[in-house]
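Student: This structure is in structure tokens; I'll ask about it shortly.
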Amino acid sequence: EKTSLIAERHSNSKYLAEAYILLGKARLMKGEFVNAIEVFKYVNSTTKDQVGRQTALVWLMRSYIEQRDYETALKVSEVIRTLDLTKANTRDFYLTKAYLHQRTGEFATSAAIAEEALKLMSKSEQKARVHYAVGQLYDIIDQSGKALPHYLAVAKNKPNYDMEFYARMNALLDQAVARR
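Using our numbering, the letters of the sequence shown correspond one by one to residues 64 to 243.
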């Protein structure tokens, strides 16, 4: 409701694209995929702000993934690939693309793309989560040798207690498998 107030009352604000993107994210999180897609398409077609347009396209891709429309998500991905993205949008694009491949069962591709996203992230709980997810992806495709460094990297990136515990457990399991 609050983000739509900005759009209604301040139609010439420089933060209008950000307000619409926030509105689209809220609709996406509520499960209103059609409305979210509509908002992201609107931002992409009307804003002059290149960063806002890039962000809207990344979230549009995410909306299609959540709606299980993988073909359209791949088409949006091809459009995004041609753009000169900011570091933050590049990171978000890689994470979204990795999520797309994970949802379609292409785990090796997903892990490789997520590793590229890790290079653009600073130490944070989010980076710890991505390391943990990449470790799990490599475990799924039976490459415990590649999973182990990611599980060990979780502890270096400010994880919460549970994530650190499970990462250590998975690292120990991968080490046991490697010894056999």
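Virtual Cβ for every residue (Gly too), placed ideally from N, Cα, C.
(1) Let me confirm a value: Gln117 is counted as buried when at least 16 other C-beta atoms fall within 10 Å, else exposed. Which label applies?
(2) Please classify Thr145: is it buried, with 16 or more other beta-carbons within 10 angstroms of its beta-carbon, or exposed?
(3) DSSP state of Ala218, grouped into three classes?
(4) For Asp225, is the classification buried or exposed, using 16 other Cβ atoms within 10 angstroms of its Cβ as the cut-off for buried?
(5) Please list the segments of the alpha helix (DSSP H) lying wholly inside the segment 101 to 167, counting only runs of 4 or more residues, in order along the chain.
(6) Just the Cα atoms here: how many angstroms apart are Ala174 and Leu200?
(7) Taking Ser173 as part of the alpha helix (DSSP H), name the residues at either end of that continuous run.
(8) Starting from the C-beta of Phe170, find all residues in its chain whose C-beta is less than 7 Å away, skip the five residues before and the five after it, and write them out in chain order.
Tutor: So, from the data block:
(1) Locating residue 117 in the sequence shown gives position 54, where the first residue counts as 1. Residue environment for Gln117: buried (at least 16 other C-beta atoms within 10 angstroms of its C-beta).
(2) Position 82 of the sequence shown holds residue 145. Result: exposed.
(3) Locating residue 218 in the sequence shown gives position 155, counting from the first residue. If DSSP states are grouped into helix, strand and coil, Ala218 belongs with coil.
(4) On the sequence shown, position 162 is the one that residue 225 refers to. In summary, Asp225 is exposed, with fewer than 16 beta-carbon neighbours lying within 10 Å of its beta-carbon over all protein chains present.
(5) Secondary structure within the segment 101 to 167: the alpha helix (DSSP H) runs of 4 or more consecutive residues, fully enclosed, are 113 to 129, 133 to 144, 150 to 166 (chain order).
(6) Position 111 of the sequence shown, counting from 1, holds the residue named residue 174. Position 137 of the sequence shown, counting from 1, holds the residue named residue 200. Rounded to the nearest whole angstrom, the CA to CA distance from Ala174 to Leu200 is 6 Å.
(7) For this step, residue 173 is matched to residue 110 along the sequence shown. Start and end: 170 to 181.
(8) In the sequence shown, the residue the question calls residue 170 occupies position 107. Take Phe170, set aside five residues on each side of it, and the residues of its chain with a beta-carbon closer than 7 Å to its own are Leu200, Ile203, Ile204, in chain order.
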